Amino acid sequence: MSNLNYVLSKSTYVRGIRCLKSLYLNKHNPGLRDKVNELTQFKFDKGKEVGILAQKLFPDGVDCGIDVTGEVGKSIVLTGENIKKGLKTIYEAAFICNEVVAIADIITKNGGEWNVYEVKSSTEIKDYHYNDAAVQYYVLKNSGLKIKDISLVFLDNTYVRTGELEIAELFKIQSVKDEVIAI
Numbered sequence: 001m002s003n004l005n006y007v008l009s010k011s012t013y014v015r016g017i018r019c020l021k022s023l024y025l026n027k028h029n030p031g032l033r034d035k036v037n038e039l040t041q042f043k044f045d046k047g048k049e050v051g052i053l054a055q056k057l058f059p060d061g062v063d064c065g066i067d068v069t070g071e072v073g074k075s076i077v078l079t080g081e082n083i084k085k086g087l088k089t090i091y092e093a094a095f096i097c098n099e100v101v102a103i104a105d106i107i108t109k110n111g112g113e114w115n116v117y118e119v120k121s122s123t124e125i126k127d128y129h130y131n132d133a134a135v136q137y138y139v140l141k142n143s144g145l146k147i148k149d150i151s152l153v154f155l156d157n158t159y160v161r162t163g164e165l166e167i168a169e170l171f172k173i174q175s176v177k178d179e180v181i182a183i
């Protein structure tokens, strides 16, 4: 699957909802993209750190992400292999359906169904997070995954650290399945 050809990813879909011109230019003239500045890189890095911390909410998972495999196609294959092996928790699980790629931050198996968790480094759910989760739900469900629930995981701004970091207190988890299905 190294020659994976896909039309949209979750992030390009959300880009298109926010601005159709941006989506068009991103796909047809990527050289016009803004260079990643220090602030944007800082936000990317912090988001990645938050995602790694959130994985501690669901320990003993296996990472199938691009950082491990080197490319999306290999991540999709590795995700499928780990699901077939019966693993209960997978980080950065990659799927493709109808030329749309989605990478779920965390999926956990509960009986014969899966819970999907999308981690956000914000302290509240923003409108576009629902669209983000809707793409994941669509791709994962239509890839054959039986989804019990899909939730957003975000930082709890009321948490005050005293001593050791308490991961379960640092995050809030909110189901968005009803909102996602309505989209």
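If you read the sequence shown in our numbering, its first letter stands for residue 1, the second for the next number, and so on.
Ideal placement from N, C-alpha and C gives every residue a C-beta, glycine not left out.
A quick note: this is a predicted structure, and the numbers were derived from the prediction, not measured.
Review point. Cβ of residue 98 within 7 Å of any heavy atom in the ligand GDP?
Key: No copy of the ligand GDP occurs in the structure displayed, which carries no ligand at all.
Point to revise | Spatial distance of residue 165 from residue 105 (CA atoms) | key: By 1-based counting over the sequence shown, the position of residue 165 is 165. By 1-based counting over the sequence shown, the position of residue 105 is 105. Roughly 21 Å between the two C-alpha positions.
Review point. Under 8 Å between the Cβ atoms of residue 150 and residue 133?
Key: Position 150 of the sequence shown holds residue 150. Position 133 of the sequence shown holds residue 133. In contact: residue 150 and residue 133 (Cβ atoms closer than 8 Å).
Check your understanding: How about the stretch 90–106 and the stretch 62–77: do they share at least three Cβ pairs that are nearer than 8 Å?
Key -> yes
**Study point:** Among 58, 22 and 172, nearest to residue 89 - alpha-carbon criterion
**Key:** As a position in the sequence shown, residue 89 is number 89, starting the count at 1. Selected option, being the one with the closest Cα: 58.
Check your understanding: Whose CA, out of 97, 109 and 162, lies closest to the CA of residue 140?
Key -> Position 140 of the sequence shown, counted from the first residue, corresponds to residue 140. Nearest option by C-alpha distance: 97.
Practice item. Quick one: give me the first and last residue of the alpha helix (DSSP H) that residue 91 is part of. Key: For the purposes of this step, residue 91 is taken as the residue at position 91 of the sequence shown. Element bounds for residue 91: not the alpha helix (DSSP H) but the beta strand (DSSP E), 89–97.
Review point. Quick one: what's got a C-beta closer than 7 Å to residue 82's C-beta in the same chain, skipping five residues either side?
Key: Position 82 of the sequence shown, counting from 1, holds the residue named residue 82. Closer than 7 Å at the Cβ level, and outside the excluded window around residue 82, lie 62, 64 and 90.
Review point. Cα separation between residue 172 and residue 116?
Key: Within the sequence shown, the letter at position 172 stands for residue 172. Within the sequence shown, the letter at position 116 stands for residue 116. Approximately 14 Å between the Cα atoms of the pair.
**Study point:** Collapsed DSSP secondary structure at residue 85 in the structure displayed
**Key:** Position 85 of the sequence shown holds residue 85. Coil at residue 85, not helix or strand.
Review point. What's the call for residue 158, buried or exposed, on a 16-neighbour Cβ count within 10 Å?
Key: Residue 158 sits at position 158 when you count from the first residue of the sequence shown. Label assigned to residue 158: exposed.
Check your understanding: Where do the ends of the alpha helix (DSSP H) carrying residue 135 lie?
Key -> Counted from its first residue, the sequence shown places residue 135 at position 135. Element bounds for residue 135: 127–142.
**Study point:** Selected residue, minimal CA-CA separation from residue 155, among 94, 53 and 99
**Key:** Within the sequence shown, residue 155 is the residue found at index 155, counting from 1. Residue 53 is the option with its Cα nearest to residue 155.
Check your understanding: Considering only residues of the same chain and omitting the five flanking positions on each side of residue 47, which have a CB-CB separation below 6 Å?
Key -> Within the sequence shown, residue 47 is the residue found at index 47, counting from 1. Correct list, in chain order: 121.
Practice item. Taking all protein chains shown into account, decide if residue 160 is buried (16 or more other Cβ within 10 angstroms of its Cβ) or exposed. Key: Counting from 1 along the sequence shown, the entry for residue 160 is found at position 160. With fewer than 16 Cβ atoms within 10 Å of its Cβ, residue 160 is classed as exposed.
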